[in-house]
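Asks:
Residue numbers (mature numbering (1 follows the signal peptide of the UniProt record, and there is no 0)): -27 to -1, 1 to 302.
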């Protein structure tokens, strides 16, 4: 076969194959979804990640006409859930409800069984919440100045709870300790809900919590807020100052919640999920329920923007983790 003819034959074969793949991809997206969808959550029921997942699952199931089943798989700071999704068939029927710790895990763990950036196709972010320092109502410090003075006068005496090693609450507390030159003992839990329960019961003294995990308890007087780690006061806690107002400069750490699918999921399927999820996030009913849980909706995210956000966070958190020599085996 002449060289030119051979090259032409190879080009035609490749072109035909690409058309077949594109056709199969579109056919798959046209049929999607034809069965129930599983949304995997790496934390126990009751925490903010689970709350967001159930709100999205409820709205999404109605819009796509198929059940969206929330599957809680807690453990190892949500890496068990992430690994399950990373290994799942890339067809859109298995979704990960991830949070900020997803980016942190990429640099905190020495070894992971998946590549945080390459193993997933981001769909969209759906909610965000500030971090708030909360204490048991019997805690002696009433404001930020009294709190820092107490920590410095009794190094190592007080403890803080977290939803697990490597999560946003954990990293927030470690950043706070470095910025304020204080020593506070870390008590990790398997999720936000049990951590908050023990904080209310007095087994631990404080928590750098996502607002969504403690807002009901704050409103009920079961916990007391010291300061919010955000650029401005939360409209849900208008009387609680920011750390910036209180005198601690540069201390900010938000928590996001978003959806990812296994890498290789056809783009039309990702786009369909994004479209339906944005419709749910944009609804007044979703936003009202989200605000009631202490969270703010994110309505301007998309697969490209969300992927860039995760890449940027991995780079930023990597610097913090390395500087503070934080690691998990």
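All C-beta atoms in this analysis are idealised placements derived from N, C-alpha and C, irrespective of residue type, glycine included.
1. Would you mind reading off the limits of the alpha helix (DSSP H) that contains residue 162?
2. In chain order, which alpha helix (DSSP H) runs of at least 4 residues are fully inside the region 244 to 271?
3. Shortest alpha-carbon distance to residue 145 belongs to which of 81, 29, 273, 106?
4. I'd like to confirm the pairing. Which residues does DSSP put opposite residue 41 in its beta bridges?
5. Considering only residues of the same chain and omitting the five flanking positions on each side of residue 284, which have a CB-CB separation below 8 Å?
6. Look at residue 221 and residue 152 and say whether their C-beta atoms are less than 8 Å apart.
7. Do residue 137 and residue 163 have their CB atoms nearer than 8 Å?
8. For residue 180 and residue 133, which I take to be in contact (beta-carbon distance under 8 Å), what is that distance rounded to the nearest angstrom?
9. Where does residue 198 sit, in a helix, a strand or coil, going by DSSP?
10. Taking just the CA atoms, how far does residue 43 sit from residue 135?
11. How far does the alpha helix (DSSP H) with residue 77 in it extend, from its first residue to its last?
12. If we call anything under 8 Å between Cβ atoms a contact, is residue 20 one with residue 53?
13. Residue 28 to residue 259, Cα distance in whole Å?
14. Taking only the alpha-carbon atoms, compute the straight-line gap between residue 36 and residue 75 and give it to the nearest angstrom.
15. If you reduce the DSSP assignment to three classes, tell me which class residue 181 lands in.
Replies: In short:
1. Stepping through the chain shown from its first residue, residue 162 is reached at position 189. Premise fails: residue 162 is in no alpha helix (DSSP H) and is neither H nor E.
2. 257 to 265
3. Here residue 145 is taken as the residue at index 172 of the chain shown, counted from 1. For residue 145, the nearest C-alpha among the options comes from 106.
4. For this step, residue 41 is matched to residue 68 along the chain shown. Partner(s): 10.
5. If you number the chain shown from 1, residue 284 lands on position 311. Only 90 meet the Cβ criterion.
6. By 1-based counting over the chain shown, the position of residue 221 is 248. By 1-based counting over the chain shown, the position of residue 152 is 179. Yes, the Cβ-Cβ distance between residue 221 and residue 152 is below 8 Å.
7. Within the chain shown, the letter at position 164 stands for residue 137. Within the chain shown, the letter at position 190 stands for residue 163. Their beta carbons are under 8 Å apart, which means residue 137 touches residue 163 by this criterion.
8. Stepping through the chain shown from its first residue, residue 180 is reached at position 207. Stepping through the chain shown from its first residue, residue 133 is reached at position 160. Contact flag correct, Cβ pair sits at about 6 Å.
9. The sequence position of residue 198 within the chain shown is 225, counting from 1. Reduced to three states, the DSSP call for residue 198 is strand.
10. Residue 135 sits at position 162 when you count from the first residue of the chain shown. Residue 43 sits at position 70 when you count from the first residue of the chain shown. For residue 135 and residue 43, the distance between alpha carbons rounds to 23 Å.
11. Residue numbering aside, residue 77 sits at position 104 when the chain shown is read from its first letter. Segment 74 to 81, the alpha helix (DSSP H) holding residue 77.
12. For the purposes of this step, residue 20 is taken as residue 47 along the chain shown, with counting starting at 1. For the purposes of this step, residue 53 is taken as residue 80 along the chain shown, with counting starting at 1. For residue 20 and residue 53, no; Cβs fall outside 8 Å.
13. Here residue 28 refers to the residue found at position 55 when the chain shown is read from its first residue. Here residue 259 refers to the residue found at position 286 when the chain shown is read from its first residue. Approximately 7 Å between the Cα atoms of the pair.
14. The residue given as residue 36 occupies position 63 in the chain shown. The residue given as residue 75 occupies position 102 in the chain shown. Their Cα atoms are separated by approximately 27 Å.
15. In the chain shown, the residue the question calls residue 181 occupies position 208. Strand, per DSSP.
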